[in-house]
Each structure stands twice: as C-alpha cells, then as structure tokens.
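Chains as they are written, first to last, in this note's numbering: chain B, 130 to 473; chain L, 23 to 375.
Even for Gly, the Cβ is constructed at its ideal location relative to N, Cα and C.
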Amino acid sequence: MPEKKHIAVIGAGAAGMEAAGQLARSGYLVTLLEKDGQTGGHVKDWYHLFPDRRDSKEVIEYLKKQAGHKNVTLRTGITVQRLEKNNGLFVIKTSGDGEIKSDAIIVATGFDLFRSERKEEYGYGIYDNIITSADLETLFRKNEIRRHNGEIPRKVGFIHCVGSRDEKVGNVYCSKLCCITAVKQAMEVKKHIPDARVFCFYMDMRMGGAMYEELYKESQEKYGINYIRGKLSEVSENIENKLVVKVEDTLAGRPLKMELDMLVLMAGMEMSKSGLDLARSSGLQTGENRFFAPADHHFGSNKSKTDGVFYAGACTAPMNITDTISHARAAAADVIDYFRNQES
Amino acid sequence: MQQDGKKRIWSDYQKEIADDHFFYVRSCIRQSFFPGSEQFFLHFMRDILGKDVYENPSHTTCTGIGYHGDVVPLATIMTVVARHFALMKESGYKNIAISCVTSFGIYTEIIETWKHFPEELEKTREYLYKATGREFDVPENMAHTSDIIYKFRNEIAEKAKYKLINKETGEPLNVVEHIGCHYSKMFPKYGVGGAEFPNVLGGMIDSWGGKVIDYPERRHCCGFGFRQYLVQANRGYSLSNTVKKFESMKPFKPDFVLTNCPGCNMFMDKWQYTMKEMEGTVYGENGESIPILTYEELAGLVLGINPWDLGLQFHMVQSEPLLKKIGIEYDPDNKFKTKDGRQMPVPQNLINA
C-alpha cells in the first residue's frame, strides 16, 4: 500500500520541500533531512525574485506549507554521511551514528554559491565595497544599500559570470541565473537609489527564461542600466577609497578603466559540498560539471543510476525556482512510478 | 581594506623554502647595476646566519633575456639550464637559490615544461650529454633569493638596527612593493603569497616596521617587459607604462619602492631620470624622486650596514632623503670612495643627490 512506503528526502531547500510535500499529499511517509538548522535553502536569503519581483517570503511560505504536511517528518541539523542499499531497502547513515531506513531516496542537496574570493583578482574579502549578489539581497532586505563608510553608492557595477564560464576556476558551464539576477538587482538598486548610475559588465546576456528578455529591455528603457560587454580583469582601490575596475569593452574594442563606489559580483552556482561528499561516499555519479549526473538527460533527469535514488532541483544543474519546483514535482512522480512498478 | 582577506590568500600560497645548503646562481644585470645586493646576500647568509651557500665559477647566464627577446630557442635555453643543474649535481647540492627573477621564471617554466612533457626532459638530457658529457638532476628545492630573505625576515628584524619608521613623525614608512612578473605571475604557486596579493616583499616590509601601500596600478608592469624595451621602437611604450605606474602610486606618497626583480628595479629607477628630464616630473614629495631598493639593500640598511657598501650610490635615484627619514648614519664623503680610500669618478646628474 502506498502509505506504507517511506521516502527520505535529503535537503530541505526549495526542491526538497516541494518533493516532500508532493509525496506526502500522495499518501507517502516522508522524512525530510536538513543539515542546517532551518529549511528554505538559498531562497530564504533572497529578497525579490525575478522575473516579477515577487517577495521570496511568499515562496518560503508556500514551501513551508508543502513540507508542513502531517506525513512529513522534518529533521534539521542532520548530515547524511552515506547511503547503503540492502534487499531493495535503503539505510541512510547520518551524523551522530544515526540510521534512517527508507524505500526510496530523493537527493535534493542543492548548490553552493561560488566563493567569490577564489577570483583573487576581483578582491572580494579584501576591498571593502565589493559584495556578492547574495550580500546585496541581504542589503535590499534591510533597505540599507550603503558603502562601508555609510555613504550611499552613486556608481554601482555588476560583474557577470563570477565563477561561471571560467576555465581558470574549473567551471566551464553557465550558471544560467546570474544574468537575469543582475538585471533584476540593477533595477532594484535604481529603485532604492534613483540617481545612481549602474553598469553591468557581461560576456553574453543569456535571457533564456520566460519574461527575461522583457525585463532586460525594461531595465534599459525605464531604468537606464548600462550594459558593457567585457570581462573584468582586475579591481583595485584608489586613494579616495573608490574601486578602480579594468575591463575590456569588447564592443568598443578598447580597454576601459572606471571608478565605482560599489561592485557586485554575480556569484555562480556550484555543486554543493554536501552533495559532493554524498556522491563520493555513496558511489553516486557526477558529471564533468561536478553536479549529479542524471541517468538520462532527456528521459531520466530525475533518476540516478541507482534504482530507488532520485534527484531533485539544482543538485543536477543550475536551476531557477520555477524550474526547481517543476523538477521536484517530476522527482516525486518518478518515485511514485518506481513504487508502482515494484507492485506490478 | 581587509587584511584578513589577504592573509587568507597568503595561506593558500606558502612554498617550501630550504633552510641551508644552497647552490647560488647570480644574475647578469644585478651584478652590474646593484653590485652590493648579491654581495650582501652572501654576507648575510654565510657570515650572519652561518649558512652554506656555494657558487660555482662555471655558472653562466641563463640566456633569459635572449629567450624573451626571441633570439634564443627553447631547446637551447633548456640545455643551458640543464647545464646549471649539472654543475649543481657535481657540486653536491640539491637546493638552488636564484638571484634573478627572470632566471627564476625561466627555471620554473622549464621544470614545469619537463613535468608536463617528459619527452622534452629526455631530449634535454640527450642534448646536454652530447654537448658536454654532463648529467643533471632537477633541484629538490628551488627558491628565489627574495624567498630566502623572506624566510629569514624575522631573524633580520631581531638583529635590526633601524626600523622602517619615519624618525621625525614616528609613523611607519609608506612602501610600494613590486614583484617581478616572472616571480609568480606565470606560476602563482611558486611565489610567496601568489600573484594577485604577493607577500614576499610585503612580509619583509611588515616585519621591519613599514606599511605596504596598495595602489590601483600595483600589478602593472614596471615598463621593462623585455620586448617593450629591447625593440628600440617600442621604448616609448616602455616609458609610458612606467609613467602610468608612478602616476598611480604618487597620491599614496611612497617613501620608497621595494623590488625583487633586476629589470623592475633598473627601469623604475632609471626611467625616473628620463621622466624628470623629458617633462620635469617627479613622483616623490618635496620635489624628489622615489628611491627604488632591492630587498637585499633594504635588509642591509635595516641591519645597519653602510649604505655605500650596499651600493645605493649606484642607483640613478639617490637614497639620502630616505636615509635621513629613517635616521641611518652615513658619510657623504665616502660615497664614491673605494675601500682603500681612493676617490672614484662621481656620476653626473644623479637624482635626489
């Protein structure tokens, strides 16, 4: 009977919460495991979401409702160390010598933001007025977009592709979300500081989602955001504590040096450390991009090569919230299909 | 500026530097332009620290300038370097100490090439054996001599007679540190502190009481750049790079510049004369130019060694204003005298003199 089946979902970010909720509503018992003290993954740290600038709190409320189903047992502060399979049943070894048994597993370990300090030449963690896109979301939430000395920044730059499409740091893939996030954040900056001048330094503007192109256009026509095609080479600080950026403007075909009050690094997405640890300890396959490799890119993007282990969300590739929720639902459907096949 | 961020980067780029028993290879141009530097290094290592540093009289140029000037092919320079390693092997040494940043870059590049293309190593062994009958081993430890002074910077601080502090104000001196491109920009892992925020010179400045300046064109080339200068038609480009660098550091009021590369030291020193002659521009305070020191010269000054024994008088930009700031005693009458008291010719048009 379906209600006797038990699924462990590893990771209580957007994908894990949605998958847990979907399975619970279908009558399955779910244990939702989260290594941190609270649920919500990266979304809870965000301010507004693209493309409609919805407050992320609305998404968190929705996800909490999903995962708050009576069939879901939430356990936070639990680190999964290893997955074992015996006679079709899984044993999940957790921190503190714990064990959880389940009939199937959904891995939803999500992503880590690229640590921007690895791009040493960008000076994150060294120069005071360089922040990441995640830091900026926190400032938006506090309504305190200020320089380190408390001044309001009048000239703000956004650097795309920090840790993405960058062989030097070992990430050749596109993180997909940074371009649209920069567009959204650039507009938010203008809303907070109407007289600010905002520049986005990009390699390509990849506007591949619904309403992305429209937002990009709006950012230029309504907000006057300047887009400069060129990759940042280095950042330094002058005697007035202004940031000095060097960029090659590849459309103008000339080097460009500019002083800025604040610089925002659009940090890319990487396979999470917890996901990597799990892959190594449990023999789960990863791709060249180090994310979990699905069994089939076209027909099995939620399936691993181990029967009964499924993937949901950004642990397989960079993904926005919309796609993550869809992917999590598909994972739940695959789990249900897996049980159905066992019965037949 | 968050110093912790720099320390985090430095912790990623710590190299192993041998403690003793060095096979020392000199620089071609340092012996001519900064003759006291290498002499001080040997004195410091042998007489003050009691280390074993060996020089082989058969050591030659590494041919790096020719290599970067496109007149010496790769196979040739690899064989020349292999010969140096053969001399080292024959002398019973495994740790090489390299005085020149260009040579250090050459040695590093060649060893890395051999790691990735072992067939090149075998070819080089064959070329050297056929030409000289010699055999060689790759050094177990390779350090630039600035790495070695960095390693012993605290010993120098303990024995210091002077600190890098303005005697009048009590404030730390503002120091620009400038590493040679070939020290760590090609292979950051072989430089103390890496390439973006190197600490090999900054660590000395900190230990000896000074304050490192971070200015916008800190990473920019000194202006030498080999072909920028070696091709005569490009020399305006060489000079304009140096101008850019000095314009950028000027607002920070540097008291002096510390380098670890012979080319950087020479160009940042001598182009200041050119800039002054061409446009009447100086970049230091009080109408003075900015002294450019080698790390050995600075270590020697800190230890209280006579500035003229360190060869400071052979720079284009003279160091007397700096010596006065620190409170270093010197005898102006002995500046251009030999050890036995004979007067040498006095160069004309020295700056800051």
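**OP:** Answer with yes or no whether the minimum CB distance from ILE31/L to chain B is below 9 angstroms.
**Re:** So, interface residue.
Original post:
From THR281/L to LEU265/B, what distance separates their C-alpha atoms?
Top reply: Each residue's Cα considered, the two are about 39 angstroms apart.
Original post:
Going along the chain, which residues of the segment 268–280 of chain L sit with their C-beta nearer than 7 angstroms to a C-beta in chain B?
Top reply: Residues of the segment 268–280 of chain L whose Cβ lies closer than 7 angstroms to any Cβ of chain B, in chain order: PRO273, PHE274.
Subject >> Listed by chain order, chain B residues near ASP236/L by CB distance under 8 angstroms >> reply: What ASP236/L touches in chain B: SER365, GLU366.
**OP:** Tell me whether LEU413/B is buried or exposed, calling it buried when 16 or more other Cβ atoms sit within 10 Å of its Cβ.
**Re:** Sixteen is the threshold: when 16 or more other Cβ atoms of the shown chains lie within 10 Å of the Cβ of LEU413/B, as they do, the residue is buried.
Original post:
CB-CB under 6 angstroms to TYR352/B, same chain, minus the five flanking residues each way: which ones, in chain order?
Top reply: If you ignore the 5 residues before and after TYR352/B, its C-beta comes within less than 6 angstroms of the C-beta of MET316, LYS319, all in its own chain and listed in chain order.
Original post:
In chain order, what residues of the same chain lie with their CB nearer than 7 angstroms to the CB of MET366/L, ignoring the 5 residues before and after it?
Top reply: Closer than 7 angstroms at the Cβ level, and outside the excluded window around MET366/L, lie PHE358, LYS359, THR360.
Subject >> PRO140/L, DSSP secondary structure in three states >> reply: PRO140/L: helix per DSSP, three-state reduction.
Original post:
Any C-beta of chain L sitting closer than 9 angstroms to the C-beta of GLU296/B?
Top reply: GLU296/B does not count as touching chain L.
**OP:** For VAL159/B, go through chain L and note every residue whose CB falls closer than 9 angstroms to its CB, in chain order.
**Re:** None at all; the shortest Cβ gap to chain L is about 40 angstroms.
**OP:** Compute the Euclidean distance between the alpha carbons of ALA217/L and PHE139/L, then round it to the nearest angstrom.
**Re:** In a straight line, the C-alpha of ALA217/L is about 24 angstroms away from that of PHE139/L.
Subject >> Per-residue contacts from TYR467/B into chain L (C-beta, under 8 angstroms) >> reply: Ordered by position in chain L, no residue passes the 8 angstroms Cβ test against TYR467/B, which lies about 45 angstroms from the chain.
Original post:
Around the Cβ of PRO131/B, are there at least 16 other Cβ atoms within 10 angstroms (buried) or fewer (exposed)?
Top reply: Confidence at PRO131/B is low in this model, with a pLDDT of 47, below 50, so its placement is unreliable and the value that follows should be read with caution. With fewer than 16 Cβ atoms within 10 Å of its Cβ, PRO131/B is classed as exposed.
Original post:
Given that GLY216/L touches chain B, what residues does it touch there, using C-beta distances under 9 angstroms?
Top reply: Those are GLU249, listed as they occur along chain B.
Original post:
Using a C-beta cutoff of 9 angstroms, does VAL373/B count as contacting chain L?
Top reply: Residue-level contact by beta carbon holds for VAL373/B and chain L, with a gap shorter than 9 angstroms.
**OP:** On the DSSP bridge assignment, give the partners of ARG183/B in chain order.
**Re:** DSSP lists LEU178/B as partners of ARG183/B.
Original post:
What number of angstroms, rounded off, separates the C-alpha of ILE221/B from the C-alpha of HIS456/B?
Top reply: Answer to the nearest angstrom: the Cα atoms are 23 angstroms apart.
**OP:** Quickly, what does DSSP pair ASP355/L with across the bridge? List them, please.
**Re:** BP columns for ASP355/L are empty, so no partner.
Original post:
Can you name the residues of chain L whose CB is closer than 9 angstroms to the CB of TYR440/B?
Top reply: Within chain L, no residue comes near TYR440/B; the closest Cβ sits about 32 angstroms away, beyond 9 angstroms.
**OP:** Measuring alpha carbon to alpha carbon, tell me which of ASP324/B, ARG358/B, ARG326/B ends up nearest ARG335/B.
**Re:** From the listed residues ASP324/B, ARG358/B, ARG326/B, the smallest Cα separation to ARG335/B is found for ARG358/B.
**OP:** Report the rounded CA-to-CA distance for ARG276/B versus LYS346/B, giving the unit in angstroms.
**Re:** Roughly 28 angstroms separates the two Cα atoms.
Subject >> Residue from ILE260/B, ARG294/B, VAL301/B with nearest C-alpha to GLY286/B >> reply: The shortest Cα separation from GLY286/B among ILE260/B, ARG294/B, VAL301/B belongs to ILE260/B.
**OP:** Could I get the ranges of all uninterrupted beta strand (DSSP E) runs contained in the segment 340–397 of chain B, with 3 residues as the minimum, in chain order?
**Re:** The DSSP assignment places 355–358, 361–366, 372–378, 383–389, 391–396 as complete runs of the beta strand (DSSP E) inside the segment 340–397 of chain B, in order along the chain (cut-off: 3 residues).
Subject >> beta strand (DSSP E) runs contained entirely in the segment 228–291 of chain L, provided each spans 3 or more residues >> reply: Correct list: 278–281.
Subject >> N-terminal and C-terminal residue of the alpha helix (DSSP H) that SER467/B is part of >> reply: Residue 467/B is actually Tyr in this sequence, not Ser. In the DSSP assignment, TYR467/B falls within the alpha helix (DSSP H) that extends over 450–472.
Original post:
In chain order, what residues of the same chain have a beta carbon less than 6 angstroms from the beta carbon of TYR237/L, not counting five sequence neighbours either side?
Top reply: Taken in chain order, the residues that qualify are SER270, MET271, PHE274.
Subject >> GLY202/L and CYS244/L closer than 9 angstroms at C-beta >> reply: Yes, they are a contact pair.
Original post:
Shorter than 9 angstroms from the beta carbon of TYR176/B to some beta carbon of chain L?
Top reply: No, TYR176/B lies away from the interface with chain L (no Cβ there is under 9 angstroms from its Cβ).
Original post:
Alpha carbon to alpha carbon, what distance is there between PHE179/B and SER403/B?
Top reply: For SER403/B and PHE179/B, the distance between alpha carbons rounds to 27 angstroms.
Original post:
Near ALA462/B, what residues of its chain come up, given a Cβ to Cβ distance below 6 angstroms and the 5 sequence neighbours on each side ignored?
Top reply: Within its own chain, no residue has a Cβ closer than 6 angstroms to the Cβ of ALA462/B once the five positions on either side in sequence are excluded.
**OP:** Compare the beta carbon distance of TYR35/L and VAL214/L with 9 angstroms and say whether it is the shorter of the two.
**Re:** Yes, these two residues count as a Cβ contact at 9 angstroms.
Original post:
Relative to the C-alpha of ARG364/L, which residue among ASN371/L, ASN356/L, GLN370/L is closest?
Top reply: When only C-alpha atoms are compared, the closest one is ASN356/L.
Original post:
Is the segment 197–213 of chain B close to the segment 174–189 of chain B, with three or more CB pairs under 8 angstroms?
Top reply: Between the segment 197–213 of chain B and the segment 174–189 of chain B, the count of C-beta pairs closer than 8 angstroms stays below three; the two stretches do not touch.
Original post:
For MET400/B, which of helix, strand or coil comes out of DSSP?
Top reply: Of the three classes helix, strand and coil, the one that applies to MET400/B here is strand, per DSSP.
**OP:** Report the option in CYS122/L, HIS81/L, SER121/L whose CA atom is closest to the CA atom of LEU109/L.
**Re:** Residue HIS81/L is the option with its Cα nearest to LEU109/L.
**OP:** Quick one: give me the first and last residue of the alpha helix (DSSP H) that ASP241/B is part of.
**Re:** Note, ASP241/B: premise wrong, no alpha helix (DSSP H); beta strand (DSSP E) at 240–242.
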